[in-house]
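Participant:
Residue numbers (full-length UniProt numbering): 1 to 260.
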């Protein structure tokens, strides 16, 4: 048996009774790992993903709609395939009870309703996305960290007890409850701290992402930190969590921008 290699092609021949018999010929395509084809193969969507909420990438949420509606953070849509219509949430969405809080907090226009059938892709400034499924449960999330949630999930803007929260940037949060999917975002990899009656948890409001729905945090002022650091620092304000539950924090102090 003789084998010959010519450039990007090869052939294998057999020698029988002094004659060369060709068995085949095939070209071999060599693809650079930096080619456009390689790039597309590496970054293309995964067709096997069929769940309602899917992580297409750690920072990119895919929502598979089948004649359904979902609430997403306004401005978070980065692409979609199919027939999907978008409608901005009005100030009166959620009832009159939330009107005053939405007007003060600037959260009246932060949500977008997406309805139809297709694949919807949403993201928020490269933040990491976490998917949770609530089973007749509730969770509190800082409003800036809510990326998307089922239409079946009820939302209510909650206000902390201390007006000091205005200065700390953490006065208003969103309580999500019911049964369905939600997606929240964090800067970097988050850490969950467990809260017990014996060990309350204290956090920086600007680094606090979410906590279990049964907890009611209080805003405290640390006088010693205020004296040491100065009045301009937000670290003098802390959120205190007491009882039984958990708190999710991120390795980043997020500055909340109020939008009117």
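All C-beta atoms, glycine included, are put in the ideal place defined by N, C-alpha and C. In this text the structure is predicted, and so the values were computed from the model without any measurement.
From what residue to what residue does the beta strand (DSSP E) around residue 255 run?
Facilitator: Position 255 of the chain shown, counted from the first residue, corresponds to residue 255. From DSSP, residue 255 is part of no beta strand (DSSP E); its letter is neither H nor E.
Participant: On the three-state DSSP scale, how would you describe residue 143?
Facilitator: Numbered from its first residue, the chain shown carries residue 143 at position 143. Looking at residue 143 - three-state DSSP - the assignment turns out to be helix.
Participant: DSSP three-state call for residue 34: helix, strand or coil?
Facilitator: Here residue 34 refers to the residue found at position 34 when the chain shown is read from its first residue. If DSSP states are grouped into helix, strand and coil, residue 34 belongs with coil.
Participant: What does a CB cutoff of less than 7 Å around residue 266 pick up in its chain, not counting 5 residues either side in sequence?
Facilitator: Missing from the structure shown is residue 266; the chain here goes from 1 to 260 and no further.
Participant: Ignore the nearest five residues each way along the sequence and tell me which others in residue 58's own chain have a CB closer than 6 Å to its CB.
Facilitator: Residue numbering aside, residue 58 sits at position 58 when the chain shown is read from its first letter. So the qualifying residues of the chain are 128.
Participant: Taking 8 Å as the limit between beta carbons, can you name the residues of its chain near residue 231, skipping five residues before and five after?
Facilitator: Counted from its first residue, the chain shown places residue 231 at position 231. In this prediction, residue 231 has a pLDDT of 47, which is less than 50 and means its spatial position is unreliable; nothing more can be read from the coordinates.
Participant: May I ask you to report which of helix, strand or coil DSSP gives residue 84?
Facilitator: As a working mapping, residue 84 is identified with position 84 in the chain shown. Correct three-state label for residue 84: strand.
Participant: Closest by CA to residue 253, which one among 239, 187 and 210?
Facilitator: In the chain shown, counting from the first residue as 1, residue 253 sits at position 253. Residue 187 is the option with its Cα nearest to residue 253.
Participant: Going by DSSP, which residues form a beta bridge with residue 180?
Facilitator: Your numbering for residue 180 matches position 180 in the chain shown. Residue 180 is bridged to 134.
Participant: For residue 244 versus residue 201, is the C-beta spacing smaller than 8 Å?
Facilitator: Mapped onto the chain shown, residue 244 falls at position 244. Mapped onto the chain shown, residue 201 falls at position 201. Cβ atoms of residue 244 and residue 201: not closer than 8 Å.
Participant: Helix, strand or coil, according to DSSP, for residue 210 in the structure here?
Facilitator: By 1-based counting over the chain shown, the position of residue 210 is 210. Looking at residue 210 - three-state DSSP - the assignment turns out to be strand.
Participant: When DSSP builds the beta bridges, which residues end up paired with residue 63?
Facilitator: Along the chain shown, one-based indexing puts residue 63 at 63. Answer by DSSP bridge pairing, in chain order: 53 and 120.
Participant: Applying the 10 Å Cβ sphere with the 16-neighbour rule, what's the burial state of residue 191?
Facilitator: By one-based count along the chain shown, residue 191 stands at place 191. Counting Cβ neighbours within 10 Å, residue 191 comes out exposed, since fewer than 16 surround it.
Participant: Do residue 122 and residue 148 have their CB atoms nearer than 8 Å?
Facilitator: Sequence index remark: in the chain shown, residue 122 carries index 122 (1-based). Sequence index remark: in the chain shown, residue 148 carries index 148 (1-based). Cβ distance < 8 Å, so residue 122 and residue 148 count as in contact.
Participant: With residue 218 as the anchor, note down where its beta strand (DSSP E) starts and where it stops.
Facilitator: In the chain shown, counting from the first residue as 1, residue 218 sits at position 218. That run of the beta strand (DSSP E) goes 218 to 221.
Participant: What do you get for residue 180, buried or exposed, if any count of 16 or more other CB atoms within 10 angstroms of its CB means buried?
Facilitator: Counting from one through the chain shown, the residue named residue 180 turns up at place 180. Its Cβ being crowded by 16 or more others within 10 Å, residue 180 is buried.
Participant: Can you give me the start and stop residues for the beta strand (DSSP E) that residue 75 sits inside?
Facilitator: Reading the chain shown from its first residue, position 75 is the one you call residue 75. Segment: none, residue 75 is in no beta strand (DSSP E) and carries neither H nor E.
Participant: Identify whether residue 261 lies in helix, strand or coil by the three-state DSSP scheme.
Facilitator: What the structure shows of the chain is the stretch from 1 to 260, and residue 261 is not part of that stretch, so it cannot be assessed.
Participant: How big is the Cα-Cα spacing for residue 199 and residue 237?
Facilitator: The sequence position of residue 199 within the chain shown is 199, counting from 1. The sequence position of residue 237 within the chain shown is 237, counting from 1. Roughly 19 Å between the two C-alpha positions.
Participant: Between the alpha carbons of residue 75 and residue 84, how many angstroms are there, rounded?
Facilitator: On the chain shown, residue 75 is found 75 positions in, with the first residue counted as 1. On the chain shown, residue 84 is found 84 positions in, with the first residue counted as 1. Cα to Cα, residue 75 sits roughly 15 Å from residue 84.
Participant: Within 10 angstroms of its Cβ, does residue 185 collect 16 or more other Cβ (buried), or is it exposed?
Facilitator: One-based indexing of the chain shown puts residue 185 at position 185. Classification for residue 185: buried.
Participant: Closest to residue 189 by CA distance: which of 67, 126 and 43 is it?
Facilitator: Sequence index remark: in the chain shown, residue 189 carries index 189 (1-based). For the residues 67, 126 and 43, the minimum Cα distance to residue 189 belongs to 126.
Participant: Do you know how far the Cα of residue 205 is from the Cα of residue 182?
Facilitator: By one-based count along the chain shown, residue 182 stands at place 182. By one-based count along the chain shown, residue 205 stands at place 205. Rounded to whole angstroms, residue 182 to residue 205 spans 21 Å at the Cα level.
Participant: On the premise that residue 86 lies in contact with residue 113, defined as a C-beta separation below 8 Å, what is that separation, rounded to the nearest angstrom?
Facilitator: As a first step, residue 113 is located in the chain shown; it is residue number 113 there, counting from the start. As a first step, residue 86 is located in the chain shown; it is residue number 86 there, counting from the start. So it is a contact: roughly 7 Å between Cβ atoms.
Participant: Taking only the alpha-carbon atoms, compute the straight-line gap between residue 152 and residue 70 and give it to the nearest angstrom.
Facilitator: Position 152 of the chain shown, counted from the start, is the residue given in the question as residue 152. Position 70 of the chain shown, counted from the start, is the residue given in the question as residue 70. Roughly 9 Å between the two C-alpha positions.
Participant: Considering just the uninterrupted stretch of the beta strand (DSSP E) at residue 203, what are its terminal residues?
Facilitator: On the chain shown, residue 203 is found 203 positions in, with the first residue counted as 1. First-last of the beta strand (DSSP E) with residue 203: 201 to 203.
Participant: Taking the alpha carbon of residue 42 as the point to measure from, which residue in 56, 51, 209 and 50 has its own alpha carbon closest?
Facilitator: In the chain shown, counting from the first residue as 1, residue 42 sits at position 42. That would be 56, whose Cα lies nearest to the Cα of residue 42.
Participant: Would you say residue 216 and residue 239 are within 8 Å of each other, going by their C-beta atoms?
Facilitator: One-based indexing of the chain shown puts residue 216 at position 216. One-based indexing of the chain shown puts residue 239 at position 239. Their beta carbons are not under 8 Å apart, which means residue 216 does not touch residue 239 by this criterion.
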